[in-house]
Every structure is written in C-alpha cells, then in structure tokens.
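Trainee: Got a structure for you, questions after.
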C-alpha cells in the first residue's frame, strides 16, 4: 500500500474555479499526496484519484452506481490491486436537513456513517449563511466511536478541509476515508459554493 494512505491527518484543497471537481490532498508535512479529478461529461459521477498531477499513477476510482439517484452510492476501487475497497452511500431523505452518508465494506455492509455536525447548523448553512459557515462531519461506527473528522476551513475564495483519522484500535481504511473527503468536497462542497 502507498505511504500516502498511512497518515492520521491530511489537508484537502478543492480548486474553486474549475469546470470539474479538482482536488489536491496534502500530507501533514505539506507535500502533495493525492490529486483527484472529476471526469467531464459523464452521466455517472466518475472521479479518479492519482498520486500526483501528472496523472501517471491512478490509485483510486470513485464511481456512482447509477446515473441519477437521490440516495447515490459510490464504489471505491483500489486501482493498484483492482479491488473494491468499499462504497459510500448518501442517505437521501436524511440528507435534506443534514448530510448523512453510510460507509460500506466491500460486501456493502454498513460499517460507519458520516454525519454533518448538527441539524441546526446545517439548516442555518443551507438557508442563510451558505459557505460563510463551514461544514463539519464525523465518521462514527456502530459503537459510536469517532473514526474520522472532516472540518471545512473558512476561506472566502477557496475550499479547504482538514481530515483527521483516529489512530485507535478500530480504524477507518484511509483509502475509503480519503475517498469520502474527496466526495464531500466535490459533491457537498459545490452546493455551498
């Protein structure tokens, strides 16, 4: 496995002025660890994650299962071993008030959920303050243990998110956790831009 998937914290930056979602993920020492680009003109969301901007080494593939789906599911595939790592599924009706995603294992069993911090702040963000109120998410497993935190940073002209993963005995696969961060930045982040 690539060393980029071994850290406990990352900084994600989404390019704001781009036709498609372009995301850069930096390691704790400030080095570019991942570069992600959303494919243009695809009926199903198709996001590729590379080791750098040259796009010579594809590491992950995030693809929607269906063209239009209110409760969309996105498969995450490790391109180095061509194996499904898991999936991320948006909870349709639950996400109207506050964003909720399910984290699925390779057999599509729910192993965790990623939830926006609070319904009150989510409503305030959606109807009044927009991107002036940064989004915050927690990845929680069935025992309510926090596996990861995703915290958007306030910046007027750029999108930035800090991602922290729990180093404890129960961990979220970093490939799946980073794919979740990229999806949150591209899918949810563009709603408030």
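Numbering (our numbering), first residue to last: 5 to 197.
Glycine is no exception: its CB is placed at the ideal position from the N, C-alpha and C atoms.
Am I right that residue 188 and residue 163 are in contact with their C-beta atoms under 8 Å? What's the rounded C-beta distance?
Mentor: Their Cβ separation, rounded to whole angstroms, is 10 Å, which puts residue 188 and residue 163 out of contact at 8 Å.
Trainee: Could you tell me which residues DSSP pairs with residue 29 in its beta bridges?
Mentor: 16, 38, per the DSSP bridge assignment.
Trainee: Leaving out five residues on either side along the sequence, give the residues of the same chain with a beta carbon under 6 Å from the beta carbon of residue 26.
Mentor: Once the five neighbours on either side are set aside, the close Cβ partners of residue 26 are 19, 41.
Trainee: Can you tell which of 92, 66, 95, 75 has the C-alpha that lies nearest to the C-alpha of residue 86?
Mentor: Measuring from the Cα of residue 86, the nearest candidate turns out to be 66.
Trainee: Please confirm whether residue 88 and residue 110 have their CB atoms less than 8 Å apart.
Mentor: Yes, Cβ-Cβ distance for residue 88 and residue 110 is below 8 Å.
Trainee: Are the beta-carbon atoms belonging to residue 177 and residue 37 less than 8 Å from one another?
Mentor: Contact: no.
Trainee: Is the distance from the Cβ of residue 6 to the Cβ of residue 29 below 8 Å?
Mentor: No, the pair does not count as a contact, with Cβ atoms beyond the cut-off.
Trainee: Strictly by DSSP, which residues pair up with residue 64?
Mentor: Paired residue(s): 53, 82.
Trainee: Tell me whether the beta-carbon of residue 161 lies closer than 8 Å to the beta-carbon of residue 138.
Mentor: Cβ atoms of residue 161 and residue 138: not closer than 8 Å.
Trainee: Quick check on residue 146: buried or exposed, where buried means 16 or more other Cβ atoms within 10 Å of its Cβ?
Mentor: It is exposed - the Cβ of residue 146 has fewer than 16 other Cβ atoms within 10 Å.
Trainee: Which residue marks the beginning of the beta strand (DSSP E) containing residue 92, and which one marks its end?
Mentor: Start and end: 87 to 94.
Trainee: Which residues in the same chain as residue 17 place their Cβ atom closer than 6 Å to its Cβ, once the five residues preceding and following it in sequence are excluded?
Mentor: 28, 164.
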